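With the first letter of the sequence shown counted as 1, position 5 gets the number 13 in this note's numbering; the numbers rise by one all the way through.
Take a look at the structure set out below.
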Amino acid sequence: MKFKVIIAAIVLSLALPVTAQADIVQRGYEVALSNVRLPRNPGGTIAFKECDRCDYVVLRVGADTLYRLNGKPVRLAKFREALAMVADRDNEAVTVLHHLERNQVTEVSVNL
Numbered sequence: 009m010k011f012k013v014i015i016a017a018i019v020l021s022l023a024l025p026v027t028a029q030a031d032i033v034q035r036g037y038e039v040a041l042s043n044v045r046l047p048r049n050p051g052g053t054i055a056f057k058e059c060d061r062c063d064y065v066v067l068r069v070g071a072d073t074l075y076r077l078n079g080k081p082v083r084l085a086k087f088r089e090a091l092a093m094v095a096d097r098d099n100e101a102v103t104v105l106h107h108l109e110r111n112q113v114t115e116v117s118v119n120l
């Protein structure tokens, strides 16, 4: 009888949901192109604000920061050049991925 109770207890304990700690590693921002100040060099900073009345958020970028234009990786210079040509900057969204642990931007992307 004890054996059946032990087996039942084991089976029930396996049926309980496992609680796992969900760590947030990156934070994504989607901001208007008009609210973004791109870095001038690969080791600089990017500044953006989430709304017109919000304060600017300034984050570090690095040599390993990925710049995506229409889904394809490009160099920072080409990325800046392409975004400088956009006429309607208020209606183009830029996605910025911020790695929280490293406190660095890992990716900046836009689809024109």
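All C-beta atoms, glycine included, are put in the ideal place defined by N, C-alpha and C.
Predicted, not measured: the structure shown is a model, and the values here were computed from it.
(request) Write down the C-beta distance between VAL44 and PHE56 rounded to the nearest angstrom, noting that I regard them as a contact closer than 8 angstroms. (result) 5 angstroms
(message) With a threshold of 8 angstroms on Cβ separation, who are the neighbours of PRO50 within its own chain once the five nearest residues in sequence on each side are excluded?
(response) VAL69, GLY70, ALA71, THR73 and LEU84
(request) Could you pull out every residue in the same chain whose Cβ sits closer than 7 angstroms to the Cβ of ARG48, ignoring the five residues on either side in sequence? (result) Excluding five sequence positions before and after ARG48, none of the CB atoms of its chain fall closer than 7 angstroms to its own CB.
(request) Could you please give me the residues that DSSP links to ALA101 through a beta bridge? (result) ALA40
(message) Distance check for ALA101 and ASN111, CA to CA, integer angstroms please.
(response) Rounded to the nearest whole angstrom, the C-alpha separation of ASN111 and ALA101 is 22 angstroms.
(request) Can you tell me which of LEU77, GLU58 and TYR64 puts its alpha carbon nearest to the alpha carbon of GLU115? (result) LEU77
(request) Return yes when the Cβ of HIS106 is within less than 8 angstroms of the Cβ of TYR37, no when it is not. (result) yes
(request) Give the secondary structure of ALA90 by DSSP, where H, G and I count as helix, E and B as strand, and everything else as coil. (result) Under the three-state reduction of DSSP, ALA90 is assigned to helix.
(message) Given this structure, state the Cα-to-Cα distance separating LEU91 from GLU109, to the nearest angstrom.
(response) 29 angstroms
(request) For the beta strand (DSSP E) containing VAL66, list its first residue and its last residue. (result) 65 to 77
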